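I have placed the structure first, in the form of structure tokens, so that the comments after it can refer back to it.
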Amino acid sequence: MDLLKWSKRPAAGVNARKPQVNVVRGLVARATTPLLPDDYLRLINPLWTARELRGKVVDVVKETADSATVTIRPGWGFPATYEPGQYVGIGLRIGGRWHWRSYSLTSIGSSSDTTISITVKANPDGFLSTHLVDGVQPDTIIRLAAPKGDFHLPEPVPGRILFVTAGSGITPVIAMLRALEARGDAPDICHVHAAPTRDDVIFVDEMQARAADADHYDLTIQFTREMGHFDVARLDEWVPDWRERECWACGPPSLLDAMESHYEAGGLRERLHTERFTISRTDHGAEGGKVRFAVSGREAEIDGATTLLEAGEELGITMPFGCRMGICQTCVVPLAGGYVRDLRTGAERREGERIQTCISSVSGECTLDL
Ligand SMILES: Cc1cc2nc3c(=O)[nH]c(=O)nc-3n(C[C@H](O)[C@H](O)[C@H](O)COP(=O)(O)OP(=O)(O)OC[C@H]3O[C@@H](n4cnc5c(N)ncnc54)[C@H](O)[C@@H]3O)c2cc1C
Ligand code: FES
Numbered sequence: 037m038d039l040l041k042w043s044k045r046p047a048a049g050v051n052a053r054k055p056q057v058n059v060v061r062g063l064v065a066r067a068t069t070p071l072l073p074d075d076y077l078r079l080i081n082p083l084w085t086a087r088e089l090r091g092k093v094v095d096v097v098k099e100t101a102d103s104a105t106v107t108i109r110p111g112w113g114f115p116a117t118y119e120p121g122q123y124v125g126i127g128l129r130i131g132g133r134w135h136w137r138s139y140s141l142t143s144i145g146s147s148s149d150t151t152i153s154i155t156v157k158a159n160p161d162g163f164l165s166t167h168l169v170d171g172v173q174p175d176t177i178i179r180l181a182a183p184k185g186d187f188h189l190p191e192p193v194p195g196r197i198l199f200v201t202a203g204s205g206i207t208p209v210i211a212m213l214r215a216l217e218a219r220g221d222a223p224d225i226c227h228v229h230a231a232p233t234r235d236d237v238i239f240v241d242e243m244q245a246r247a248a249d250a251d252h253y254d255l256t257i258q259f260t261r262e263m264g265h266f267d268v269a270r271l272d273e274w275v276p277d278w279r280e281r282e283c284w285a286c287g288p289p290s291l292l293d294a295m296e297s298h299y300e301a302g303g304l305r306e307r308l309h310t311e312r313f314t315i316s317r318t319d320h321g322a323e324g325g326k327v328r329f330a331v332s333g334r335e336a337e338i339d340g341a342t343t344l345l346e347a348g349e350e351l352g353i354t355m356p357f358g359c360r361m362g363i364c365q366t367c368v369v370p371l372a373g374g375y376v377r378d379l380r381t382g383a384e385r386r387e388g389e390r391i392q393t394c395i396s397s398v399s400g401e402c403t404l405d406l
């Protein structure tokens, strides 16, 4: 038992579903220490590393004018199966810095799959999504964070389901639809999707073909440019029995806020499951200042738009993270000293409070026990 722990310890930071993979990683790391184990492994294959999950971009295929599916071959340690609807962390090195974002998996996670896929909509003001849609080249090596999230279907699958999606919010739901089909499950599904025009609908052919073939899948697409915005009050007209269905909804904040209020008002909040891709930020920046990472003995001077998570990663510190959006709570740590500001609300937090490093920046000075 102790030998097993000793073997795994060097790979403790790697989130692998099969523990034996970390035993191999750990042993390789120990066999090559004090030299640099990752350097040896990368010489043999750039996807092999004792410390982190990596992947190689295999293919990038356009779905619409501003979206693309990126297929990735994960390296050692990436779980062979995951829940359709979960998301992964994707890290790309651009301009000498690692940039991380979260993307829902559009692949379905079967043990025979050697690749995973994500489908990205380019945000015209965004940094990484435009690069993933228009700039990332096959063979690029990326970093991965293991699949996470509880936006997925339960077991057993409910008999009657409602999916409400808009824009890129289709991604986790298409994975659920594909997985149900692959398993031969046929619950009664109503799906309402919104996008500006037909040309903007990601996976439109696939969804319409499924609706034409399968009696149990009813699809309503709201083309918002000609039909007006998604109006939650029209659920009664689109899906008269929506109250009796378990609902999964993913789309922009305005749609999800409206859905949550509607379900709340109907006393049905527990029937609604939502996935948010973005948080609302206030205009309040933090002041910026000095961040100390007490355990690692490092510090950095950052501006008020840089998060504590980004600051730690920039210094090479292993920082816990999940969604990087203030949603999942994986990054929560106690504030060991000083002040930070929550970039969503502008609220200041002080020593002793628990903070989310992904949406907090420093106000003057702060210390984290990392
Ligand atoms: C769980 C989860 C799953 C997701 N799945 C998908 C998916 O399947 N497909 C998909 O396309 N996207 C998905 N996303 C969204 C994705 O992670 C990215 O947020 C998105 O691609 C935009 O990234 P970007 O680098 O292009 O934009 P960023 O550069 O991060 O900017 C995004 C927007 O925020 C603004 N912004 C950036 N920094 C600041 C700041 N300091 N203050 C104020 N505003 C700022 C920008 O102007 C821009 O409008 C998901 C997100 C989460 C949390
Ligand atoms: S990483 Fe998810 S809340 Fe911070």
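Residue numbers (my numbering): 37 to 406. The C-beta atom is built at its ideal place from N, Cα and C for all residues, glycine as well. Predicted model only: the values in this text are computed from it and were never measured.
Is E389 closer than 8 angstroms to L371 when the C-beta atoms are compared? Numbered from its first residue, the sequence shown carries residue 371 at position 335. Numbered from its first residue, the sequence shown carries residue 389 at position 353. Pairing L371 with E389 gives a Cβ-Cβ distance under 8 angstroms.
Across which residues does DSSP place P110 in a beta bridge pair? As a first step, residue 110 must be located in the sequence shown, where it is residue number 74. According to DSSP, which records beta bridges pairwise, P110 is partnered with G91.
Drop a sphere of 10 angstroms on the beta-carbon of E99, count the other beta-carbons inside from all chains shown, and report buried for 16 or more, exposed for fewer. As a working note, residue 99 is residue 63 in the sequence shown. Around the C-beta of E99, 16 or more other C-beta atoms lie within 10 Å, and the residue is accordingly described as buried.
Should S103 and S204 be called a contact, given that it needs their Cβ atoms to be closer than 8 angstroms? As a first step, residue 103 is located in the sequence shown; it is residue number 67 there, counting from the start. As a first step, residue 204 is located in the sequence shown; it is residue number 168 there, counting from the start. Taking 8 angstroms as the Cβ cut-off, S103 and S204 qualify as a contacting pair.
Roughly how many whole angstroms lie between the Cα atoms of C226 and T403? Here residue 226 refers to the residue found at position 190 when the sequence shown is read from its first residue. Here residue 403 refers to the residue found at position 367 when the sequence shown is read from its first residue. Straight through space, the alpha carbons of T403 and C226 are spaced by roughly 50 angstroms.
Exposed or buried, which one is V209 when buried takes at least 16 other CB atoms within 10 Å? If you number the sequence shown from 1, residue 209 lands on position 173. Its Cβ being crowded by 16 or more others within 10 Å, V209 is buried.
What's the C-alpha gap between P174 and D95? Start at 1 with the first residue of the sequence shown, and residue 174 comes out as number 138. Start at 1 with the first residue of the sequence shown, and residue 95 comes out as number 59. Distance between the alpha carbons of P174 and D95: 5 angstroms.
Of the listed residues V376, F357 and Y375, nearest to V368 (C-alpha basis): As a working mapping, residue 368 is identified with position 332 in the sequence shown. When each option's Cα is compared against that of V368, the closest is F357.
Any contact of the segment 126 to 139 with the segment 162 to 169, i.e. 3+ C-beta pairs under 8 angstroms? The segment 126 to 139 is in contact with the segment 162 to 169.
Terminal residues of the continuous alpha helix (DSSP H) containing G348? By one-based count along the sequence shown, residue 348 stands at place 312. Run containing G348: L344 to E350, per the alpha helix (DSSP H) assignment.
Give every residue of the same chain whose Cβ lies closer than 8 angstroms to the Cβ of E323, excluding the five residues on either side of it in the sequence, and list them in chain order. Against the sequence shown, residue 323 aligns to sequence position 287. Answer for E323: G340, R377, V398, S399 and G400, listed in chain order.
Residues bridged to S153 [DSSP beta-bridge criterion]: For the purposes of this step, residue 153 is identified with residue 117 of the sequence shown, where counting begins at 1. DSSP output for S153 lists T107 as bridge partner(s).
Contained beta strand (DSSP E) runs [length at least 3] in the segment 270 to 302, N- to C-terminal order: Runs found: 282 to 286.
G405 and V331 look like a contact to me (Cβ under 8 angstroms); what is the Cβ gap, rounded to whole Å? Locating residue 405 in the sequence shown gives position 369, where the first residue counts as 1. Locating residue 331 in the sequence shown gives position 295, where the first residue counts as 1. As written in the sequence, residue 405 is Asp, which differs from the Gly given in the question. That pair is a contact at about 6 angstroms.
With Q122 as the anchor, note down where its beta strand (DSSP E) starts and where it stops. Here the question's residue 122 lines up with position 86 in the sequence shown. Per DSSP, Q122 belongs to no beta strand (DSSP E) and is neither H nor E.
Would the segment 187 to 200 and the segment 144 to 155 be scored as touching if the rule is three or more Cβ pairs under 8 angstroms? Verdict: no, contact absent.
Member of H188, P289 and A222 whose CA lies at the smallest distance from the CA of A211: Locating residue 211 in the sequence shown gives position 175, where the first residue counts as 1. Nearest option by C-alpha distance: H188.
Collapsed DSSP secondary structure at T314 in the structure displayed: On the sequence shown, residue 314 is found 278 positions in, with the first residue counted as 1. Residue state, collapsed to three classes: coil.
Is the beta carbon of G121 less than 8 angstroms from the beta carbon of L89? Looking up residue 121 in the sequence shown gives position 85. Looking up residue 89 in the sequence shown gives position 53. No, they are not a contact pair.
Output yes or no for whether 8 angstroms exceeds the beta carbon distance between R179 and G131. Indexing the sequence shown from 1 puts residue 179 at position 143. Indexing the sequence shown from 1 puts residue 131 at position 95. Result no, Cβ atoms of R179 and G131 do not sit closer than 8 angstroms.
How about G205: is its C-beta nearer than 8 angstroms to some C-beta of chain B? Among the chains in the structure shown there is no chain B, since it carries only a single protein chain.
Mapping the DSSP letters down to three states, classify V240 as helix, strand or coil. Translated into the one-based positions of the sequence shown, residue 240 becomes position 204. DSSP places V240 in helix when its eight states are reduced to three.
Ligand 2 and M361: does any heavy atom of the ligand fall closer than 7 angstroms to the residue's C-beta? Along the sequence shown, one-based indexing puts residue 361 at 325. Checking the Cβ of M361 against ligand 2 gives yes.
Answer yes or no: the CB of C286 versus the heavy atoms of ligand 2, is any distance below 7 angstroms? Here residue 286 refers to the residue found at position 250 when the sequence shown is read from its first residue. Distance from the C-beta of C286 to the nearest heavy atom of ligand 2 is not below 7 angstroms.
Member of L351, D293, E306 and L141 whose CA lies at the smallest distance from the CA of L213: Here residue 213 is taken as the residue at index 177 of the sequence shown, counted from 1. It is L141 whose Cα lies nearest to the Cα of L213.
Can we count T381 as close to ligand 2, meaning its CB is less than 7 angstroms from some heavy atom? For the purposes of this step, residue 381 is taken as residue 345 along the sequence shown, with counting starting at 1. No, ligand 2 has no heavy atom inside 7 angstroms of this Cβ.
DSSP state of A248, grouped into three classes? In the sequence shown, the residue the question calls residue 248 occupies position 212. Helix, per DSSP.
Per-residue burial, P115 [other beta carbons within 10 Å of its own, 16 or more giving buried]: Walking along the sequence shown from the start, residue 115 turns up at place 79. With 16 or more other Cβ atoms within 10 Å, it is buried.
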